[in-house]
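S.K.:
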Amino acid sequence: MVNKPHIIGIGIAAVAAAAGFLFFKGTNLKETADNIRVSLASLPKIHKIDLTGLKVSVDLRVDNPGKERITIKIPSVRLSYRGALVASTAVNNKTYTIEPTSTGQISGIMIEASYFSLLTTTPGIVSDFMAQGANIIDNLGFDAIAEVNGLPIKIQKL
């Protein structure tokens, strides 16, 4: 016959085991997210210039050195020029899967910047473009907000 103290002891042990599992799993997910490397796969490209503004195309490379498959969402990529925010992508909640010890690519991320935004946030960009042409890419900066296996991370300087 099982008495009340035994039931309480079994309950406490079950709760402790579940808490330990969740803590270990959470720690493992955090380590996985910390080991992911996201970088520019190639130089950003000016995709389109028209009457509304400038559209820049960015491709990202995601390195997963870990032993577990990851899912990654990159809902926002921001474009800055000499440190000033110029534009960011529309929210994209598409999920990408990267297999263990492999590299994946997220292609065709479009960042649209209106001329008004370009002129007000970075007044020097127009004169720099006239003087340097395509070399202004050296002054562009990119960062992103991502979710790796559901954990939010900020990726500085792509």
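Note that this note's numbering gives residue 114 to position 112 of the sequence shown, counting from 1, and the numbers run on in steps of one.
Ideal Cβ placement from N, Cα and C applies to all residues, glycine included.
Which first and last residues belong to the alpha helix (DSSP H) in which Ala-133 is found?
M.R.: In the sequence shown, the residue the question calls residue 133 occupies position 131. First-last of the alpha helix (DSSP H) with Ala-133: 126-134.
S.K.: DSSP beta-bridge partners for Ala-115?
M.R.: Position 113 of the sequence shown, counting from 1, holds the residue named residue 115. Leu-56.
S.K.: Check whether the Cβ atoms of Thr-97 and Thr-73 lie closer than 7 angstroms to each other.
M.R.: Taking the sequence shown and counting its residues from 1, the one referred to as residue 97 is at position 95. Taking the sequence shown and counting its residues from 1, the one referred to as residue 73 is at position 71. For Thr-97 and Thr-73, yes; Cβs fall inside 7 angstroms.
S.K.: What residues in its chain sit with their C-beta under 8 angstroms from that of Phe-144, if we drop five residues either side in the sequence?
M.R.: Within the sequence shown, residue 144 is the residue found at index 142, counting from 1. Same-chain partners within the cutoff: Leu-42, Pro-46, Val-60, Val-79, Arg-80, Leu-81, Ser-82, Lys-159 and Leu-160.
S.K.: Does the distance from the CB of Asn-37 to the CB of Pro-67 come in under 7 angstroms?
M.R.: Position 35 of the sequence shown, counting from 1, holds the residue named residue 37. Position 65 of the sequence shown, counting from 1, holds the residue named residue 67. For Asn-37 and Pro-67, yes; Cβs fall inside 7 angstroms.
S.K.: Per DSSP, what kind of secondary structure is Leu-42 in: helix, strand or coil?
M.R.: By 1-based counting over the sequence shown, the position of residue 42 is 40. Looking at Leu-42 - three-state DSSP - the assignment turns out to be strand.
S.K.: In whole angstroms, give me the CA-to-CA distance for Pro-154 and Arg-39.
M.R.: Counting from one through the sequence shown, the residue named residue 154 turns up at place 152. Counting from one through the sequence shown, the residue named residue 39 turns up at place 37. Those two C-alpha atoms are separated by around 14 angstroms.
S.K.: First and last residue of the beta strand (DSSP E) that includes Arg-80?
M.R.: In the sequence shown, counting from the first residue as 1, residue 80 sits at position 78. It spans 72-83 - the beta strand (DSSP E) in which Arg-80 sits, taken as one unbroken run.
S.K.: On a CA-only basis, which of Ser-129, Tyr-117, Gln-107 and Arg-63 is nearest Asp-52? Give me that one, please.
M.R.: Counting from 1 along the sequence shown, the entry for residue 52 is found at position 50. The candidate whose alpha carbon is nearest that of Asp-52 is Tyr-117.
S.K.: Output needed for Lys-120: all residues of its chain with C-beta closer than 6 angstroms, excluding positions within five of it in sequence on either side, in chain order.
M.R.: Position 118 of the sequence shown, counted from the start, is the residue given in the question as residue 120. Before going further, note that residue 120 is Leu rather than Lys in the sequence given. Short of 6 angstroms from the beta carbon of Leu-120, and not among the five residues preceding or following it, lie these beta carbons of its own chain, in chain order: Ile-127.
S.K.: Would you decide whether Ser-90 is buried or exposed? Buried here means 16 or more other CB atoms lie within 10 Å of its CB.
M.R.: Along the sequence shown, read from residue 1 onward, the residue named residue 90 stands at position 88. It is buried - the Cβ of Ser-90 has at least 16 other Cβ atoms within 10 Å.
S.K.: What's the C-alpha gap between Val-58 and Glu-101?
M.R.: Residue mapping note: residue 58 aligns to position 56 of the sequence shown, counting from 1. Residue mapping note: residue 101 aligns to position 99 of the sequence shown, counting from 1. When only Cα atoms are considered, Val-58 and Glu-101 end up about 28 angstroms apart.
S.K.: Going by C-alpha to C-alpha distance, which of Ile-113, Arg-84 and Gly-85 sits closest to His-49?
M.R.: On the sequence shown, residue 49 is found 47 positions in, with the first residue counted as 1. Of the listed residues, the one whose Cα sits closest to His-49 is Ile-113.
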